[in-house]
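Numbering (my numbering) for the sequence shown: 203 to 477.
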Amino acid sequence: TEGARLKLRSGRITAHLLGMEPAEFPVLPEIPAGNGMTLAAATLGELLAQTFFAMSTDITRQTLGGVLFAHDGEGHLEVVATDGHRLACRRLAVAGVTAFREIVPRKAVAEIRRLVEEGDGEVNLTFGDKHAVLRRADLTLITRLIEGRYPEYQRAIPATCRNLVVVDREALTTACRRVAIFANEKTNQVELEVSADSLVIVAQNPELGDAREEIEAKLEGDGVRIAFNARYLLDILGGMAGASVRMEMNDGNSPSLFTSGEAADYRCVLMPMRL
Numbered sequence: 203t204e205g206a207r208l209k210l211r212s213g214r215i216t217a218h219l220l221g222m223e224p225a226e227f228p229v230l231p232e233i234p235a236g237n238g239m240t241l242a243a244a245t246l247g248e249l250l251a252q253t254f255f256a257m258s259t260d261i262t263r264q265t266l267g268g269v270l271f272a273h274d275g276e277g278h279l280e281v282v283a284t285d286g287h288r289l290a291c292r293r294l295a296v297a298g299v300t301a302f303r304e305i306v307p308r309k310a311v312a313e314i315r316r317l318v319e320e321g322d323g324e325v326n327l328t329f330g331d332k333h334a335v336l337r338r339a340d341l342t343l344i345t346r347l348i349e350g351r352y353p354e355y356q357r358a359i360p361a362t363c364r365n366l367v368v369v370d371r372e373a374l375t376t377a378c379r380r381v382a383i384f385a386n387e388k389t390n391q392v393e394l395e396v397s398a399d400s401l402v403i404v405a406q407n408p409e410l411g412d413a414r415e416e417i418e419a420k421l422e423g424d425g426v427r428i429a430f431n432a433r434y435l436l437d438i439l440g441g442m443a444g445a446s447v448r449m450e451m452n453d454g455n456s457p458s459l460f461t462s463g464e465a466a467d468y469r470c471v472l473m474p475m476r477l
């Protein structure tokens, strides 16, 4: 080094790379240890994998452009993302933490997912006033948090529904992928027609044709006809871990609630499209 310059030499070439004075390097923020929690790296990766897809990409809705970590101070953590059309919420028991609500931005979420996928063991995630810190055995990541108030997402989760549909998750996923090939490229819309013992998925495209596929289903209620964005529906089904999925609906104009048939700690809400 020559002052603030780095000298590089190889064979017959010499180059100088301009640097900065060390005093100009940003001071790393101090993060209080009070709101820290230790999780298995695989668990944190799962929490983010089940929610990140619902983050908003609308730059005018800044608070929705990240994942919310909300702890009630009574042993329950909820990780949430929503873009106004869909919502994903995963609940996890985490003891010994004071209450907080913090929003981790999109880029940091992507980086954290990459880091936890690369390693195993445990990670510590600590939240300060404006920053969050992820600590792994050999690495520390610091990110600014998104400022602002996250919407009261609980209000978007339907409390009661008139129709309950239970289907095989893999069967619904496979059928939706096949039928969605015929969906309109702009809307990506597929229709679900639910009756006593079956669910029919329909897609139509005036320039391509149409397709419909029927799968077995169990219905409690009167039946319903509803339309969804196929990509949004597939994102939700991809986050589910159980063999079956429960879909709770009121009608074709109201949001639907999706949960796993084996666990109630992961809930997704999807707004319908106009038929």
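Ideal Cβ placement from N, Cα and C applies to all residues, glycine included.
The model shown is predicted, which means the values in this text are computed figures rather than measured ones.
- Contact annotation: the region 217-230 does not touch the region 287-295, with fewer than three C-beta pairs closer than 8 Å.
- Each of Ile417, Asn452, Leu394 was checked against the Cα of threonine 362, and the nearest Cα belongs to Asn452.
- At the C-beta level, alanine 419 and valine 367 come within 8 Å of one another.
- Judged by DSSP secondary structure, lysine 309 falls within the alpha helix (DSSP H) whose first and last residues are 308-320.
- Out of Arg433, Leu341, Asn386, Glu393, the CA that lies nearest to the CA of leucine 410 is found in Asn386.
- 8 Å or more divides the Cβ of glutamate 304 from the Cβ of phenylalanine 254.
- In the three-state DSSP reduction, aspartate 437 falls in the helix class (H, G or I).
- Here asparagine 237 is buried: its Cβ has 16 or more other Cβ atoms, across all protein chains shown, within 10 Å.
- For arginine 379, the number of other beta carbons within 10 angstroms of its own is below 16, and it is reported as exposed.
- Taking C-beta atoms as the reference points, valine 447 and glycine 463 count as a pair closer than 8 Å.
- In this structure, DSSP gives glycine 247 a helical state, which the three-state scheme calls helix.
- For alanine 283, the enclosing beta strand (DSSP E) starts and ends at 278-284.
- The beta carbon of leucine 219 sits closer than 6 Å to the beta carbons of Leu208 from its chain, once the five residues preceding and following it are set aside; these are given in chain order.
- Under the DSSP assignment, alanine 413 falls in the beta strand (DSSP E) whose first and last residues are 411-418.
- Under the three-state reduction of DSSP output, leucine 374 falls in the helix class.
- Within a 10 Å sphere around the beta-carbon of asparagine 431 sit 16 or more other beta-carbons, which makes this residue buried.
- Alanine 217 has its alpha-carbon roughly 57 Å from the corresponding atom of valine 471.
- The secondary-structure analysis by DSSP pairs phenylalanine 329 across a beta bridge with Ala334.
- When DSSP reads this structure, leucine 230 sits in no beta bridge, so it has no partner.
- With respect to the C-alpha of glutamate 313, the residue from Ile417, Pro457, Gly298, Leu336 having the closest C-alpha is Leu336.
- Valine 381 carries a helical assignment under DSSP once its states are collapsed to helix, strand and coil.
- Nearest neighbour of valine 402 by Cα position, chosen from Val325, Glu415, Leu249, turns out to be Glu415.
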